[in-house]
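Take any residue in the sequence shown, note its place counting from 1, add 7, and you have its number in our numbering. Worksheet: the structure to be examined is printed underneath.
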Amino acid sequence: MRSPLAPGFSWDHVIGIERTHDIRVVYGIKKDEWEAGVGKPLFYARGLYESYEAMGIDPKNVDMHLVVHGAAGYWLLNDAAYRKYKDTLLGNPNKHVIKGLLAKGAHIEACYETLKGHGWKPSDLLPGVTVVHDAYSRIIDLQLRGYAYIPFF
């Protein structure tokens with residue numbers, strides 16, 4: 008199933024994709040940038056799933072890893088830890104998009120070195136977030152295993 012095209016376009020003029028299964032992608036997320044009220048790379052990762060779904064590709068065929076570190080590390084905090092870190096009464100605005108990404112099968116990964124540097128513990132993270140030794144070695148490992156790399160630095 009293809010998504011509808013804008014007037015004046017036909018599928019004869021739009022290049023689609025050939026690979027529809029075993030799609031592997033890793034996002035390297037370090038920069039604290041926002042779009043539509045959430046972390047920008049989270050917004051774009053959700054959009055990538057939506058693009059694949061619009062082309063009839065089941066999210067189960069997309070193996071996506073989001074490796075979060077540096078200035079963006081706090082995006083993965085649960086509400087209590089987020090409130091303390093940001094000195095706010097509000098909860099983490101990223102929690103809903105992260106929950107949705109996890110539901111589609113994405114792997115949300117926090118850098119241990121970032122956690123250690125801030126004094127955060129695994130119990131400070133949102134449910135479903137896993138901890139990796141460090142962001143760079145994780146990204147390199149995934150690239151060497153054939154994952155397409157999308158950097159947000």
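Beta carbons: idealized from backbone N, C-alpha and C, even for Gly. Given the structure is predicted, the values throughout are model-derived calculations rather than measurements.
Please say whether residue j and residue i have beta carbons closer to each other than 8 angstroms?
i	j	result
Glu120	His72	no
Cys118	Gly80	yes
Ser130	Ala61	no
Val139	Arg145	yes
Val226	Leu83	Any property of residue 226 remains undetermined from this structure, which presents the chain solely from 8 to 160.
Ala78	Lys37	yes
Val74	Ala155	no
Kindly indicate which three-state DSSP category residue i falls into: helix, strand or coil?
i	result
Glu116	strand
Trp41	strand
Thr121	helix
Val139	strand
Ser17	coil
Arg26	coil
Asp148	helix
Ile64	coil
Ser58	helix
Leu109	helix
By Cβ distance, which residues of its chain are closer than 6 angstroms to residue i, with the 5 residues on each side in sequence left out?
i	result
His114	His72
Tyr59	Val69
Glu40	Lys47
Glu42	Phe50
Residues in the same chain with beta-carbon distance under 7 angstroms from residue i, minus the five sequence neighbours each way, listed in chain order, please.
i	result
Thr27	Ile64, Asn68
Ala88	Trp127, Asp131
Tyr92	Tyr81, Leu84
Residues bridged to residue i by DSSP?
i	result
Tyr34	Leu73, Ile157
Leu83	Leu83 pairs with nothing; no bridge assigned.
Gly194	Not covered by the structure: residue 194. The range shown for the chain is 8 to 160.
Leu132	Leu84
Looking only at its own chain, which residues have a Cβ that is under 8 angstroms from the Cβ of residue i, when we skip the five neighbours before and after it?
i	result
Gly112	Pro66, Lys67, Val69, Asp70, Met71
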